[in-house]
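Trainee:
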Amino acid sequence: MDLFKRGKRSAPLKYIAQMGSHRQIIAYARVLNSLFEILPAGIDDHKQTSGLLTNKETLIRDAKGMIQVEQKQEKLDL
70 MDLFKRGKRS APLKYIAQMG SHRQIIAYAR VLNSLFEILP AGIDDHKQTS GLLTNKETLI
130 RDAKGMIQVE QKQEKLDL
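Everything in the sequence shown is counted per my numbering, starting at 70 for the first residue and increasing by one.
1) Roughly how many angstroms lie between the CA atoms of residue 101 and residue 91, to the nearest whole one?
2) Between 105, 116, 85 and 118, which has its C-alpha nearest residue 131's C-alpha?
3) Residues in its own chain within less than 6 Å of residue 118 by CB, not counting five upstream and five downstream?
4) Check for me: the alpha helix (DSSP H) holding residue 107 runs from which residue to which?
5) Round the Cβ separation of residue 88 and residue 121 to the nearest angstrom and send it over; I've been treating them as touching at under 8 Å.
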């Protein structure tokens, strides 16, 4: 959340990309939802959790794109 807050989108993207399976990504979203519900409104972590949830679909799409780029690069390196 701290990296996302500082505008370093690559860290959450790499994390989501490493999770790989749809099931793991759903679990990640559930954890974010739980944090959003239990954290006091107005604190920084609540705001960051809200931001991650709001951008969840975009983050997942971009993470999948990151995987595809890495796979293409691996093929070129062979």
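Where a beta carbon is used, it is the ideal one built from N, C-alpha and C, also for glycine.
Mentor: Working from what's here:
1) 15 Å
2) 85
3) 101, 104 and 105
4) 91-107
5) About 14 Å; that fails the 8 Å criterion.
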